[in-house]
Amino acid sequence: MELRRDPITQSWVMQEDEEVIESQYGVCPLCPGQESLSPQAVYVHPYGQPTWQVRVIPHLRPLYRIEGDAQRRAQGIYDRMRNVGAHEIVVEHPDHHLPLSQQSDENIAQVIRAYVSRVVDLKKDRRFRYITVFRNQGATAGQDLEHPHSQITATPFVPRRVGYEIRSSEQHFRLKERCLICDVVGQEEVEQARTVEVNELFLAFCPFASRVPYETWILPRQHHWSFEEDLSSWDRQLRFGRFLKSILQRLESVTPTYHLVLHTSPNVHAKSERVDQWKSLAEDYHWHFEVLPVIPSRYKSYSLKEVYYNSLCPEVAAEALRRGGVGT
Ligand SMILES: [Zn+2]
Ligand SMILES: [Zn+2]
Ligand SMILES: [Zn+2]
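If you're matching positions, the sequence shown starts at 227 in my numbering and goes up one per residue.
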């Protein structure tokens, strides 16, 4: 496997060069008692106890390899590099049948704490420019193992969409000396039409130009560029966990299937040729989670030549989500 860059769009594509053989397990490799099926855990809570609550392990079929360096090389106008990086699984609970949205507030906060701890740790590695935390729920969203889990990847490049966000945030800041997402938060709080839920710390809303029905962003109302710094305390982890749980329950009232992805600041300590690259990043970038539901049948969404078509307008989606969720 190697990474190839599309010279037109600048996005990196993972290229498989050998046939993938699916390994089969007779039992769930993430369930308690099956720990010997997976590599040595990189994070366990509680630590040193006979039973665990949250566990992070290297992925059983990793997309990225931890050894060596990227070996960036050119082939004419094309760029390629090794798939160096990390790929981990966050096992969210010992119970095989307990989805994240049904877990206790404390357990969800422990999952958030595991994310924070792994992002901090992986950012110490200067080969990695970006750490992604994501969660696919449901087979049509690409969930491969049934056991409730999230995934973390560390990559030698910044993913394309995050790159776009960083560039437009920087442009906005240069013109207005304000954070773009803070401005969006301000506007959403005035209009309220797309608000799903808001409390003193966090806001969830359906973005103005939602790509798919019920697309929802979850973010801190106070500016912060870095997820792992902003949510470093147990109190913040608990409050965010509670908020996330409520949003997931609302979304699950319309669809059980979704992608959730964290967008946070890249690794500013990574090795790079460009020194002044992240000059205003702390002021202009604003971390957030994006949830992209996968809706079967009725609401068709598709992208035509990269133009998204969404049949449900975000104002209607937000209203449905405000009604749905807790207690329904
Ligand atoms: Zn299991
Ligand atoms: Zn901001
Ligand atoms: Zn984003």
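Idealized CB from N, CA, C, for every residue including glycine. Here the structure is a predicted model, which means the values were calculated and not measured.
Between which two residues does the alpha helix (DSSP H) holding residue i run?
| i | result |
| --- | --- |
| Trp460 | 460-478 |
| Ser394 | 386-402 |
| Ile407 | 406-417 |
| Gln336 | 331-348 |
| Ala380 | Element bounds for Ala380: not the alpha helix (DSSP H) but the beta strand (DSSP E), 375-381. |
| Leu324 | Where Leu324 is concerned, there is no enclosing alpha helix (DSSP H), given that its DSSP letter is neither H nor E. |
| Arg549 | 540-549 |
| Phe515 | Not the alpha helix (DSSP H): Phe515 falls in the beta strand (DSSP E), residues 514-519. |
| Glu509 | 507-510 |
| Phe453 | 453-456 |
Whose C-beta lies closer than 6 Å to the C-beta of residue i among residues of the same chain, with five residues either side of it excluded?
| i | result |
| --- | --- |
| Tyr534 | Arg437 |
| His398 | Leu406 |
| Tyr341 | Val359 |
| Gln260 | Val253 |
| His514 | Trp443, Leu445, His489 |
| Glu516 | Trp443, Val487 |
Using 10 angstroms around the beta-carbon of residue i, count the other beta-carbons present and answer buried if the total reaches 16, otherwise exposed.
| i | result |
| --- | --- |
| Val520 | buried |
| Asp510 | buried |
| Ser262 | exposed |
| His323 | exposed |
| Ile247 | In this predicted model, Ile247 has a pLDDT of only 49, less than 50, meaning its place in the structure is not dependable; the value taken from the coordinates is given anyway. It counts as exposed. |
| Val359 | buried |
| Thr277 | exposed |
| Thr235 | exposed |
| Leu401 | exposed |
| Asn333 | buried |
| Glu426 | exposed |
| Arg355 | buried |
| Ser376 | buried |
| Pro540 | buried |
| Ser472 | buried |
| Glu441 | buried |
| Ala496 | buried |
| Glu417 | exposed |
| Gln275 | exposed |
| Gln301 | exposed |
| Gln329 | buried |
| Trp460 | exposed |
| Glu396 | buried |
| Glu415 | exposed |
Please work out which residues of its chain come closer than 7 Å, Cβ to Cβ, to residue i, disregarding the five sequence neighbours upstream and downstream, and give them in chain order.
| i | result |
| --- | --- |
| Gln336 | His271, Gln279, Val280 |
| Val494 | Trp504, Leu507 |
| Leu474 | Leu326, Ser327 |
| His373 | Cys254, Leu256, Cys257, Val317, His322 |
| Ala550 | In the sequence as displayed, the identity of residue 550 is Gly instead of Ala. Once the five neighbours on either side are set aside, the close Cβ partners of Gly550 are Arg476, Ser479, Val480. |
| Val310 | Tyr290, Arg291, Gly294, Asp295, Ala296, Arg353, Pro382 |
| Glu391 | His489 |
| Val410 | none |
Leaving out the 5 sequence neighbours to the left and right, which residues in its chain are closer than 8 Å to residue i when beta-carbon positions are compared?
| i | result |
| --- | --- |
| Ala544 | Ala419, Arg420, Thr421, Val422, Phe431, Cys432 |
| Ile338 | Leu457, Gln463, Phe466, Gly467, Leu470 |
| Phe428 | Ile444, Leu445, Pro446, Arg447, Arg465, Phe466, Phe469 |
| Gln369 | Asn362, Gln363 |
| Arg404 | His398 |
| Arg548 | Thr421, Val422, Glu423, Arg476 |
Would you say residue i lies against chain D (beta-carbon separation less than 7 Å)?
| i | result |
| --- | --- |
| Val310 | The chain inventory of the structure shown lacks chain D, comprising one protein chain alone. |
Assuming the contact rule is C-beta atoms closer than 8 Å, residue i and residue j should be a hit. Round their C-beta distance to whole Å, please.
| i | j | result |
| --- | --- | --- |
| Arg306 | Glu228 | 6 Å |
| Tyr484 | Ala367 | 6 Å |
| Val268 | Ile283 | 7 Å |
| Asp295 | Arg353 | 6 Å |
| Trp451 | Ser394 | Contact doesn't hold; Cβ gap of about 15 Å is too wide. |
| His285 | Glu314 | 6 Å |
| Pro382 | Ser537 | The pair is not a contact, with the Cβ atoms about 38 Å apart (cut-off 8 Å). |
| His512 | His449 | 6 Å |
| Ala312 | Leu348 | 6 Å |
| Val384 | Glu454 | About 16 Å separates the two Cβ atoms, so there is no contact after all. |
| Arg231 | Tyr304 | 7 Å |
The beta strand (DSSP E) spanning residue i covers which residue range?
| i | result |
| --- | --- |
| Ala621 | Since the first residue of the chain shown is 227 and the last is 554, residue 621 is not available in this structure. |
| Leu488 | 484-489 |
| Glu228 | 228-231 |
| Pro276 | Where Pro276 is concerned, there is no enclosing beta strand (DSSP E), given that its DSSP letter is neither H nor E. |
| Asp305 | 304-308 |
| Phe360 | 356-363 |
| Ala300 | 299-301 |
| Phe428 | 428-431 |
| Glu242 | It is not in any beta strand (DSSP E) - Glu242 carries neither H nor E in the DSSP assignment. |
| Trp504 | Per DSSP, Trp504 belongs to no beta strand (DSSP E) and is neither H nor E. |
| Thr481 | Unbroken run through Thr481: none, as it is neither H nor E. |
| Val424 | 421-424 |
Can you tell me whether residue i sits near ligand 4, meaning its C-beta is under 6 Å from at least one heavy atom of the ligand?
| i | result |
| --- | --- |
| Cys257 | No copy of ligand 4 appears in this structure; the ligands present are ligand 1, ligand 2 and ligand 3. |
| request: Closer than 6 Å is what we want: which residues have a beta carbon that near any heavy atom of ligand 2? List them in chain order. | output: Cys405, Ile407, Cys408, His449, His512
| request: With ligand 3 as the reference, list in chain order each residue whose Cβ lies under 6 Å from any of its heavy atoms. | output: Glu391, His489, His514, Glu516
| task | Kindly provide the chain-ordered list of residues whose Cβ lies closer than 5 Å to any non-hydrogen atom of ligand 1. | result | Cys254, Leu256, Cys257, His322, His373
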